[in-house]
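Notes to accompany the following structure.
Residue numbers (this note's numbering): 2 to 520.
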C-alpha cells in the first residue's frame, strides 16, 4: 500500500514536493494545466505531494482546496496553503472544518503576503491572528475542541491535520535572522510537523538553518526550497518585489548571461536545480520543495534523477551556491574547507544603535516605575484602576492614556496593549500585518515588506533597542495570545492592572485580586 506524505515524513524518508499555482478564475487554462501536471506527477510516482498556493503575492486566486480535491481523485496528495491575511480567526476555523471534511489534511500554515489588488480595488488585509496562533488552533482541533452550549459542554471530534510551517534563513541582518528563528521555535512548539524554507540560493544559509535547528535540539524535518528561477523572475526577486525571495546581484548577473543562450538558460537552470537538490540532501535536509514558473513534469523528473546522480559528489557543488548578501549576517563561522559553516557560532557583528532613542528611554523608565507587578508604583496604580473601572472618571483616565500613547507610539487604542512585548513599538499601529509573535518573512535589510525603504520592521527596531541593553534574547521569548477585540477602545492601562488583557496570565495579574497583587 502506498505510504502517505505524513508517513513518509514520520519515517524519515526523503520527501519531494512540487509547488503549483492554480491562479485566478474557475475554469481557466491555468487550472487545467495544474491538474495535468498533478496527474503526470501521480503517474510518475517521484513526487510525494503537490503544494497548492493561496493567493501568493497578495493576488487573488481560486481557493486551493477546490483543486486539491480534484487532485486527490487523481491519486496524488496535496499540501494546502492556508494563510492569515484574508480571514479572521472565526473564518479560519470554519475553513479548517471544511478542509477536514474534504480529507485535505496536509497544510502549510503561513501568515501570507500583504494583499495588493482585487477586481474591486485594493482589499483590506485581515491578519487577525498570525501563523503561530493558527498552528495552535490546528493542534487543539486535532485533540478535539471542547466548547459550551446551552445544554452544557460538548466536544468536536478530533481532526487529522498534518500542519507544516515556513521559515526564511536568508535574512541579511542579525535582527531579522534571529527573530526568524525565535518565531520558528514558537511554530514548532505550537505543532508544526515539518518546515519548508523560503527561496534563496546561498548554501551557507541553508546549512545555517540545519545547524541551528540541531543546536537547539528541535526535532522537526527540514525541507529545502528549490525554485528554478529564470531571468525575468530573478529581476523581480532581486528588487524584493516578491517578499522573502532572495536573488543577489551576483546571481542575477549570472542569470542574465545565461538568458542570452538559445534556450534562454533552461538547461543550465535545470542543472543548477539538480545540484542544489544534491547539496541539500547531502547536507542533511529531509526533503526538497520544487517550484518554478512554467516548469514541466519532465523537468521535475530530470531534476530529481539528475540530483540523485550527483549526490555522491555533493560537496563539490557547494561552491556553486556562494551567493552571500552584501554585509550579510551568518550565525556560524565559515568553514573555508567545505564552503559551509563551522559549528562554532560567530561573534555578533551587528552593532546596537549608538544612542537609544529618547522615546524608548522614557518608556523604560516609566515601565520600571509603573508596570512591573508588585514593584514601586504598580500596587498604587492597580488600586486606582480597580476604583476607576466602570465609573465616570474612567473615560478621563482613558483620555489621558490615549493622548500620551498616540503621541509616543502611534497607539490604535486597542485596549489589549502589546507595547511591552515589542520593546515599546506598537505592532498594531506600525506593523501592517499586526504581528505579535515575531516578524513575517517579508522584511528586507530591516525594512518592512509593505513599506520598503520607508518604514523599519517593528521587530527589527525592537531588537536594536534591546540590544543596547544586552536584552535582545528576551524579545519574542514567550507566546503572545491573539488580540482581544472585546477590549477595543477601552483603557489598556486599566485592563492591564485589573488582569483583563493578554499579559495577565503570564505575569500572574489576577482579576479582582488587588490586595494579593499589592503585597
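No residue lacks a Cβ here, since even glycine has one placed at the ideal position from N, Cα and C.
Identified DSSP bridge partners for residue 523: For residue 523 there is no data in the structure shown, the boundaries of the chain being 2 and 520.
Local Cβ density within 10 Å of residue 218, reported as buried at 16 or more and exposed below that: Residue 218 comes out exposed.
Continuous alpha helix (DSSP H) stretch holding residue 342: start and end: In the DSSP annotation of this structure, residue 342 is not part of any alpha helix (DSSP H); the continuous beta strand (DSSP E) holding it starts and ends at 342-346.
Residue of 31, 214, 251 and 226 minimising C-alpha distance to residue 232: With respect to the C-alpha of residue 232, the residue from 31, 214, 251 and 226 having the closest C-alpha is 251.
Sequence-distant residues of the same chain with beta carbon closer than 7 Å to residue 481, five excluded per side: Taking residue 481 as the centre and dropping the five residues before and after it, the same chain places the C-beta of 419, 422, 437, 438 and 503 closer than 7 Å to its C-beta, in chain order.
Beta-carbon proximity of residue 208 to residue 284, cut-off 8 Å: Going by C-beta atoms, residue 208 is nearer than 8 Å to residue 284.
Complete runs of the beta strand (DSSP E) confined to the region 162-241 [at least 3 residues]: DSSP runs (the beta strand (DSSP E)) wholly in the region 162-241: 163-168, 196-198 and 223-228.
Chain B within 8 Å of residue 229, Cβ atoms only: Considering every chain present, this structure includes no chain B. It has just one protein chain.
Residue 65 vs residue 44 beta-carbon contact at 8 Å: Contact flag unset, no.
Residue 44 in three-state terms, based on DSSP: Correct three-state label for residue 44: helix.
Buried or exposed by the 16-neighbour rule on C-beta atoms within 10 Å, applied to residue 370: Its Cβ having fewer than 16 others within 10 Å, residue 370 is exposed.
Status (buried if at least 16 other CB within 10 Å, exposed otherwise) for residue 486: Per the 10 Å Cβ criterion, exposed.
Residues of its chain near residue 517, where Cβ-Cβ distance is below 8 Å and the 5 sequence neighbours each way are ignored: Residue placement at residue 517 is poorly supported in this model, since its pLDDT is 41, which falls under 50; the coordinates are not used for a value here.
Where residue 247 sits in the DSSP three-state scheme: Note: residue 247 maps to coil in three-state DSSP.
For residue 157, the nearest candidate out of 479, 143, 211 and 339 (CA to CA): Measuring from the Cα of residue 157, the nearest candidate turns out to be 143.
For residue 174, the nearest candidate out of 464, 433 and 346 (CA to CA): Closest option to residue 174, Cα to Cα, is 464.
Contact set for residue 71: own chain, Cβ-Cβ below 7 Å, skip 5 residues either direction: Excluding its 5 nearest sequence neighbours in each direction, residue 71 has C-beta neighbours in its own chain below 7 Å: 36, listed in chain order.
Residue 286 versus residue 196 - alpha carbon distance: Linking residue 286 to residue 196 through their CA atoms gives a straight-line distance of about 10 Å.
Cβ pair count under 8 Å reaching 3, the region 46-54 against the region 15-24: Using a Cβ-Cβ distance cut-off of 8 Å, the region 46-54 and the region 15-24 are in contact, since at least three pairs of beta carbons, one from each stretch, lie closer than that value.
Between the CA atoms of residue 146 and residue 317 - distance to the nearest angstrom: Rounded to the nearest angstrom, the two C-alpha atoms are 51 Å apart.
Closer than 7 Å: residue 363 CB and nearest the ligand MG heavy atom: As far as ligands go, the structure on display features none, and thus does not contain the ligand MG.
Three-state secondary structure (DSSP) of residue 522: Lying before the first or after the last residue shown, residue 522 is absent from the chain, which here runs from 2 to 520.
Closest residue to residue 224 among 201, 240 and 237 (Cα-Cα distance): Per the Cα distances, 201.
Given 8 Å, three or more beta-carbon pairs between the region 397-411 and the region 489-500: Touching, per the Cβ criterion.
Local Cβ density within 10 Å of residue 177, reported as buried at 16 or more and exposed below that: Buried, since its Cβ has 16 or more Cβ neighbours within 10 Å.
Residue 309 versus residue 205 - alpha carbon distance: In this structure, the straight-line span from the alpha carbon of residue 309 to that of residue 205 is close to 21 Å.
Reference residue 107, options 128, 93 and 163, closest by Cα: Residue 163 is the option with its Cα nearest to residue 107.
Selected residue, minimal CA-CA separation from residue 499, among 348, 387, 327 and 413: Among 348, 387, 327 and 413, the Cα nearest to that of residue 499 is on 387.
Cβ pair residue 229, residue 289 closer than 8 Å: No, they are not a contact pair.
Pair within 8 Å by beta-carbon distance, residue 412 and residue 430: In this structure, residue 412 lies near residue 430, with their beta-carbon atoms less than 8 Å apart.
Cα-Cα separation between residue 117 and residue 505, rounded to whole angstroms: Distance from the CA of residue 117 to the CA of residue 505, rounded to the nearest whole angstrom, comes to 36 Å.
Cα-Cα separation, residue 269 to residue 42: Approximately 23 Å, taken between the alpha carbons.
Residue 460, buried or exposed, once every other Cβ within 10 Å from all chains shown has been counted against 16: When all chains shown are included, residue 460 counts as buried.
Inter-stretch contact at 8 Å, needing at least 3 Cβ pairs: the region 121-130 / the region 84-97: Contact holds: three or more Cβ-Cβ distances are below 8 Å.
Nearest-angstrom Cα separation, counted from residue 171 out to residue 330: Answer to the nearest angstrom: the Cα atoms are 9 Å apart.
Alpha-carbon to alpha-carbon, residue 472 and residue 84: When rounded, the distance between both Cα atoms is 32 Å.
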